[in-house]
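In the numbering used here, the protein residues as written are 1222 to 1320. For every residue, glycine included, the Cβ atom is placed at its ideal position computed from N, Cα and C. Quick caveat: nothing in here was measured; it's all calculated off a predicted structure. Data first, discussion second: the structure below is written as structure tokens.
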């Protein structure tokens, strides 16, 4: 829990600790997006809550590899922006209202 691996010297994977689960999720999403873009796997992502902060107004749904390969860099940049800018300031998840 709360560990992130980074490529070290000569391709060795170095484990880094003391990260939040949000940091860990961002790293997992980054890996998933890179893998999907390299293998051309159409992928869709959804935030459970409406985007807030500097991402307010953006759709909470976004996709990767659903159009042209030339669009992948801008799609990747959009996903990175959404993940880096999203905040965890909402007191509850929208799905809890359906329980």
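Rounded to the nearest whole angstrom, the CA to CA distance from residue 1272 to residue 1247 is 15 Å.
If you ignore the 5 residues before and after residue 1293, its C-beta comes within less than 8 Å of the C-beta of 1258, 1285 and 1286, all in its own chain and listed in chain order.
Contact annotation, residue 1267 with residue 1282: C-beta distance approximately 5 Å; criterion of less than 8 Å satisfied. If the five residues before and after residue 1250 are omitted, its C-beta is found closer than 8 Å to the C-beta atoms of 1266, 1300 and 1304, all from its own chain and listed in chain order.
Apart from sequence neighbours up to five positions away, the residues of its chain that approach residue 1256 with a beta-carbon distance below 8 Å are 1262, ordered along the chain.
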